[in-house]
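Here is the structure we will look at, set down as structure tokens.
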Amino acid sequence: MPSHERFYRLVAQIPLGRVATYGQIAELAGMPGRARQVGYALAHSPTDIDLPWHRVINAKGQVSPRNGSGFHHMQRAMLESEGVVFDGDRIDMKRHLWRPHT
């Protein structure tokens, strides 16, 4: 299975009110150290799949800004609408980090 599809399957499992990091998704996909590849895959995901891309954040517990697009503001709003709590610009990872049963 191509790596992008592995990433998409994992991201699709992140439940409402939870987040995962790019690195966590890479590791769960059997590709540790490939966090940037996860970001690239999400940025180029097919529009015909319903993927909760907004639930994937950086290792600091933050929404990663995108160059000039404003998507990071939308991502934060989407997370907050799902009950994800921010302290400043960071997410409460103890409360919201997804821990899949693998």
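All residue numbers for the sequence shown refer to numbering that gives the first Met the number 0, where the first residue is 0 and numbers rise by one.
For every residue, glycine included, the Cβ atom is placed at its ideal position computed from N, Cα and C.
- As the crow flies, the alpha-carbon of Val84 is around 20 Å from that of Val10.
- Straight through space, the alpha carbons of Ala34 and Gln23 are spaced by roughly 8 Å.
- DSSP, reduced to helix, strand and coil, places Gln12 outside both helices and strands of the structure shown, so it counts as coil.
- Secondary structure of Ile56 (DSSP, three-state): strand.
- Between Ala19 and Trp97 a beta carbon distance of about 5 Å is seen, short of the 8 Å cut, so the two are scored as contacting.
- By a beta-carbon distance limit of 8 Å, Arg89 contacts Gln61. Their separation comes to about 6 Å.
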